[in-house]
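Residue numbers (UniProt numbering): 5 to 343.
For every residue, glycine included, the Cβ atom is placed at its ideal position computed from N, Cα and C.
None of these values were measured; they are calculated from a predicted model.
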Ligand code: KG4
Ligand code: ZN
């Protein structure tokens with residue numbers, strides 16, 4: 005018997021993502037982004053995002069169906085991000101997904117955005133082993149989690165005490181005048197730079213600091229001060245060197261603490277997810293350090309790391325496979341849902 009066909013909806017931030025999977029096979033991953041509309045504000049404007057989701061919803065569903073070569077009537081189950089995220093943006097996805105579920109008379113699963121960032125890796129590398137460590141690094145989160153199994157119920161081991169890693173990338177990109185979102189732009193600029201040019205601080209790495217927590221706000225300030233000081237003195241700065249040195253400071257701490265978490269928990273697998281997992285230097289350094297520690301890294305391809313609907317469909321598919329009871333149609337969008 006064929007595995008069920010699952011349609012996933014993601015609208016927690018500025019991407020309208022519609023994914024279709026069958027089992028762990030990815031059939032469609034349609035994403036419409038409103039990022040260009042937010043760029044001139046230097047960050048996502050919630051009201052603009054909600055309106056863009058509304059406009060993109062039906063065309064993006066249709067694009068996904070056509071990419072997958074299936075009809076709406078073929079869909080067996082629906083999954084949607086219920087939280088965490090921007091309240092108004094979540095509401096659009098949840099309302100749309102419920103409408104499709106009601107019209108098609110199919111079960112619907114309201115799922116956690118962060119759990120979906122973890123589960124998406126199954127589309128690429130097959131079933132996730134039990135008891136792995138996940139490092140979720142995005143615009144809103146930087147957490148180390150123990151993942152007993154892929155459907156959620158994770159145990160937080162550490163998290164950022166101030167800015168998220170992606171937030172730091174975005175803020176430093178603004179200081180350097182690179183644009184928004186900053187992560188991919190810093191990643192690109194850093195390729196031409198020297199990661200050892202400037203010794204930026206590594207947050208929370210002192211002997212008395214919480215070993216698995218992160219802090220990026222001091223780093224962001226250090227970069228801003230460094231740039232300001234030189235600009236005031238009329239010195240020319242190398243943007244690639246600043247970008248590379250900043251990026252190195254972030255990924256050095258992320259990978260160091262992720263490996264430590266694996267060692268402490270006796271985990272053999274490290275899964276990296278969320279938008280910052282698309283970072284090319286993070287992927288290389290994590291691989292390098294994990295190999296030395298005998299740990300296997302699992303990180304999905306960059307397009308599946310940033311927000312998308314396939315990750316939501318992947319988690320929905322796993323819930324169906326495990327025979328989990330679907331959500332009641334009245335379930336709410338929950339902007340502050342914990343992982
Ligand atoms: O997971 P995501 O798409 O949305 C959230 O749930 O937050 O993550 C977006 C974040 C942004 O801060 C963006 O700058 C960052 O991920 N990002 C990157 C890269 N691509 C996206 N950060 C570093 N390097 C990248 N290549
Ligand atoms: Zn995300």
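Leaving aside the five residues that flank residue 128 on each side, the residues in its chain whose CB is nearer than 6 Å to its CB run, in chain order, 304. With a cut-off of 7 Å, the C-beta of residue 160 is classified as distant from ligand 1, since no heavy atom of the ligand falls inside that distance.
Under the three-state reduction of DSSP, residue 202 is assigned to coil, being neither helix nor strand.
DSSP places residue 14 in the strand class (E or B) of the three-state scheme. The C-alpha of residue 314 lies about 18 Å from the C-alpha of residue 141. Of all alpha-carbon atoms in 223, 29, 259, 79, the one lying nearest the alpha-carbon of residue 249 is that of 223.
When secondary structure is reduced to three states using DSSP, residue 146 falls in the strand class.
Within 7 Å of the C-beta of residue 42 there is not a single heavy atom belonging to ligand 2. With a cutoff of 7 Å, residue 227 does not count as near ligand 1, since its C-beta is closer than that to no heavy atom of the ligand.
Excluding the 5 residues flanking it on each side, residue 327 has no same chain C-beta neighbour closer than 7 Å. Rounded to whole angstroms, residue 25 and residue 296 show a C-alpha spacing of 35 Å.
A distance of 8 Å or more separates the beta carbons of residue 16 and residue 338.
For the 8 Å CB-CB criterion, residue 264 and residue 189 do not form a contact. Going by DSSP, residue 95 is part of the alpha helix (DSSP H) stretching over 91 to 108. For residue 43, the CB contacts under 8 Å within the same chain, skipping 5 residues up- and downstream, are 183, 184 in chain order.
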